[in-house]
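Counting with our numbering, you get residues 4 to 520 for the letters of the sequence shown. The C-beta atom is built at its ideal place from N, Cα and C for all residues, glycine as well. Okay, so here's the structure we're looking at.
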Amino acid sequence: MNGKLRVTSKARKWKPRRVEVNPLEAVADEVESKVKSLKGLVEWYWVDKPWAAVAIIKKDTSYFYQIVTPTIGSLEFDILNRVYHRLIDRLCLVDGDPSALFDKEASKLIKSYAKIDPIEESKILYYLKRKSFGYDSIDPIYKDPFIEDITCNGPDLPVYVYHVGYGFIPTNISFSQDYLDDFVSHLAELADRHISIGFPVVEASLPDGSRLTAFWRKEVSDRGSGFVIRKLRVEPFTPIDLVRLETFDSELMALLWIFVELGVNMLIIGGTASGKTTTLNACCLFIPENRRIISIEDTRELKLLHDNWVPLVTREEKKLDGLRGGLDAMYLLKRALRMRAEYLIVGEVRGEEARILFQAMNTGHIVFSTMHAGSVEEAFTRLFNPPISVPPTMVLPLDLVVVQSIVQVEGREVRRCVYVGEVEEVDVENKKVSLRQLYSWDPKKDKIVKVDKPIRIFEKIKRFRRWNEKEVLEEIKKRKSLLEYAISKGIKGYMGFIELLKSFKEGRVKGGVSSRL
Numbered sequence: 004m005n006g007k008l009r010v011t012s013k014a015r016k017w018k019p020r021r022v023e024v025n026p027l028e029a030v031a032d033e034v035e036s037k038v039k040s041l042k043g044l045v046e047w048y049w050v051d052k053p054w055a056a057v058a059i060i061k062k063d064t065s066y067f068y069q070i071v072t073p074t075i076g077s078l079e080f081d082i083l084n085r086v087y088h089r090l091i092d093r094l095c096l097v098d099g100d101p102s103a104l105f106d107k108e109a110s111k112l113i114k115s116y117a118k119i120d121p122i123e124e125s126k127i128l129y130y131l132k133r134k135s136f137g138y139d140s141i142d143p144i145y146k147d148p149f150i151e152d153i154t155c156n157g158p159d160l161p162v163y164v165y166h167v168g169y170g171f172i173p174t175n176i177s178f179s180q181d182y183l184d185d186f187v188s189h190l191a192e193l194a195d196r197h198i199s200i201g202f203p204v205v206e207a208s209l210p211d212g213s214r215l216t217a218f219w220r221k222e223v224s225d226r227g228s229g230f231v232i233r234k235l236r237v238e239p240f241t242p243i244d245l246v247r248l249e250t251f252d253s254e255l256m257a258l259l260w261i262f263v264e265l266g267v268n269m270l271i272i273g274g275t276a277s278g279k280t281t282t283l284n285a286c287c288l289f290i291p292e293n294r295r296i297i298s299i300e301d302t303r304e305l306k307l308l309h310d311n312w313v314p315l316v317t318r319e320e321k322k323l324d325g326l327r328g329g330l331d332a333m334y335l336l337k338r339a340l341r342m343r344a345e346y347l348i349v350g351e352v353r354g355e356e357a358r359i360l361f362q363a364m365n366t367g368h369i370v371f372s373t374m375h376a377g378s379v380e381e382a383f384t385r386l387f388n389p390p391i392s393v394p395p396t397m398v399l400p401l402d403l404v405v406v407q408s409i410v411q412v413e414g415r416e417v418r419r420c421v422y423v424g425e426v427e428e429v430d431v432e433n434k435k436v437s438l439r440q441l442y443s444w445d446p447k448k449d450k451i452v453k454v455d456k457p458i459r460i461f462e463k464i465k466r467f468r469r470w471n472e473k474e475v476l477e478e479i480k481k482r483k484s485l486l487e488y489a490i491s492k493g494i495k496g497y498m499g500f501i502e503l504l505k506s507f508k509e510g511r512v513k514g515g516v517s518s519r520l
């Protein structure tokens with residue numbers, strides 16, 4: 004070689020390397036960047052990664068719920084609207100599940116309008132899918148596991164949510180009047196109901212079991228159309244969750260565990276959204292797995308894994324065609340008594356069916372139920388007077404009353420068990436019930452305080468289970484330790500709790516001792 008660089012005719016010209024960008028990663032980065040730029044950010048979390056995140060914002064002394072999604076430009080927004088209407092027409096003609104062909108058909112239509120980069124196309128697909136198969140603007144809220152209620156009070160007003168950590172707070176979502184009318188009509192259709200001037204109120208269940216109350220235009224409210232969705236949790240709160248959230252403490256929950264297993268009759272009372280059904284469901288997880296359970300609800304909310312469980316749901320008479328008869332709680336309760344129920348659970352007592360419920364207690368059934376009332380006194384006043392009118396003589400088999408409430412702690416709305424009492428005696432003549440207070444909530448310390456020990460219930464356990472008080476207290480101590488062990492180990496979820504119960508029964512839990520039950 005003569006030291007000169009030889010260049011052949013086949014030498015390739017250097018080109019910059021093209022870097023492929025993953026659309027999903029790009030969208031996630033955009034959403035996260037938008038979240039972190041928000042002022043007053045308290046916390047944030049994904050609800051539909053990478054498309055939607057939730058940010059909790061603090062403004063002065065109030066909290067605000069902000070949904071953050073990717074931004075689309077005016078061109079993409081125009082394409083979105085055009086494609087949506089054509090897509091709906093096409094998918095209506097498809098046999099079978101239209102969602103299976105959605106991405107292919109939608110992508111084809113998007114490309115027919117304009118050539119856009121993959122990132123923007125992925126955004127359009129997300130909004131199309133949300134609008135076609137989800138709940139459109141409130142879809143991220145619907146997917147938030149921390150949200151219990153979604154409330155729209157009218158057009159041009161912020162949608163409110165009930166967040167388990169912050170109570171009722173406003174969101175950055177609102178609807179125009181025309182859009183809200185259409186959306187309320189759509190919700191009614193999803194619930195297989197019709198809403199109109201003739202039928203301006205709908206109360207029904209959405210496909211996932213969530214409870215819907217919708218009202219039409221100004222026939223009911225002078226603000227116009229609106230709705231309330233009481234979400235059904237995909238996975239119910241377990242007793243561990245309720246202790247972790249400080250609704251109960253570990254000792255009180257351990258006591259309830261023993262009482263449920265041993266067949267104590269229990270009434271859970273509280274105001275609206277105080278968590279009565281949540282606590283009822285959590286306590287029902289303690290029912291031994293092979294026991295016969297029958298539940299009666301207006302809307303299916305209870306979730307149990309027991310094979311020997313029959314969940315019954317009431318049904319309103321369908322007035323549009325007159326062909327579907329109604330099934331009320333009274334009717335179902337009478338039938339349930341003929342089905343050899345060991346545990347009889349009524350979602351909420353509010354009418355004359357309460358008499359049958361207390362009759363069931365008097366005939367040896369184990370009964371759990373909830374009742375809407377602000378206090379123990381108010382609950383028994385409702386029970387003894389019309390329209391419920393339970394004879395005072397029938398109340399004595401009731402063993403335990405649990406009161407829950409929404410309280411303020413450090414500026415936040417939280418749920419607390421504020422009272423637990425044991426029924427001691429019933430004054431039939433004066434319609435008065437005497438209770439022994441077992442636990443109360445101390446608002447200054449935000450702690451549940453033990454006041455006294457149960458006497459009548461311990462006597463019942465001693466009579467039917469042949470346990471003395473010392474043995475009962477020892478079992479409570481074991482379960483208290485187990486609940487605290489589960490929290491320390493980060494055991495979460497429905498199945499995690501069920502496995503923990505199973506391990507406890509079999510004596511396989513390192514932090515606890517096997518059960519005698």
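query	result
Between the CA atoms of Ala257 and Arg482 - distance to the nearest angstrom	5 Å
Span of the alpha helix (DSSP H), counted from its first residue to its last, around Gly499	497 to 509
Separation of Asn293 from Lys505, as counted between CA atoms	13 Å
Identity of the residues DSSP links to Cys155 by a beta bridge	Phe230
Where Leu78 falls, given that 16 or more other Cβ within 10 Å makes a residue buried	exposed
Contacting residues, own chain, Cβ-Cβ under 8 Å from Glu355 (five flanking each side not counted)	Met333, Pro390, Ile391, Ser392
Three or more C-beta pairs below 8 Å linking the stretch 423 to 435 and the stretch 286 to 304	no
Simplified DSSP state of His368, which is helix, strand or coil	coil
Proximity to Pro161 [Cα-Cα], best of Gln69, Glu124, Arg459	Gln69
7 Å Cβ cutoff, His197 in contact with chain D	In the structure shown, chain D cannot be found, because there is only a single protein chain.
Beta-carbon separation (whole angstroms), Ile271 vs Thr373, contact threshold 8 Å	5 Å
Beta carbon of Val231 nearer than 7 Å to that of Asp147	no
Reduced DSSP category for Ala314 - H, G, I as helix; E, B as strand; rest coil	The amino acid occupying residue 314 in the given sequence is Pro; Ala does not appear at that position. Strand.
Three-way DSSP call (helix, strand, coil) for Val246 in this model	helix
Residue burial classification, Glu477 (beta-carbon count within 10 angstroms, cutoff 16)	exposed
CB of Leu209 within 7 Å of CB of Ala191, strictly	no
Assigned exposure category for Cys95 - 16 Cβ within 10 Å defines buried	exposed
Beta-carbon separation (whole angstroms), Ala117 vs Ile82, contact threshold 8 Å	6 Å
Burial state of His88 (16 or more Cβ within 10 Å)	exposed
Rounded C-alpha distance that separates Ile243 from Ile348	21 Å
Beta-bridge partners of Pro173, as assigned by DSSP	Tyr163
Entirely enclosed beta strand (DSSP E) segments - the stretch 427 to 496, minimum 3 residues	435 to 445, 450 to 453
Minimum C-alpha distance to Val412 - residue among Leu248, Glu124, Phe105	Leu248
Of the listed residues Trp444, Tyr138, Arg415, nearest to Tyr422 (C-alpha basis)	Trp444
Contact check, Val38 vs Trp47, beta carbons under 7 Å	yes
Exposure label - Met498; buried when at least 16 CB within 10 Å	exposed
Cβ shell of Thr64 (< 8 Å), same chain only, five flanking positions each side left out	Gly414
Asn268 vs Asp402 beta-carbon contact at 7 Å	yes
CA-to-CA distance, Gly266 to Glu425, given in whole angstroms	14 Å
Presumed contact (8 Å Cβ cut-off) between Val475 and Ile464, rounded CB distance	6 Å
Neighbour-count burial assignment, Arg9, 16 or more Cβ in a 10 Å radius	Residue confidence for Arg9 is low, a pLDDT of 46 falling below 50, so the modelled location carries little weight; the figure read from the coordinates is stated next. Exposed: under 16 other Cβ atoms inside 10 Å.
Residue burial classification, Ile458 (beta-carbon count within 10 angstroms, cutoff 16)	exposed
Spatially closest choice to Asp484 from Phe178, Ser253, Ile113, by CA coordinates	A quick correction: the sequence has Ser, not Asp, at residue 484. Among Phe178, Ser253, Ile113, the Cα nearest to that of Ser484 belongs to Ser253.
Cα-Cα separation between Gly377 and Leu288, rounded to whole angstroms	26 Å
Burial state of Ser140, where buried means 16 or more other Cβ atoms lie within 10 Å	buried
When Ser125, Ile127, Val417, Thr366 are compared against Lys337, the one with the closest alpha-carbon	Thr366
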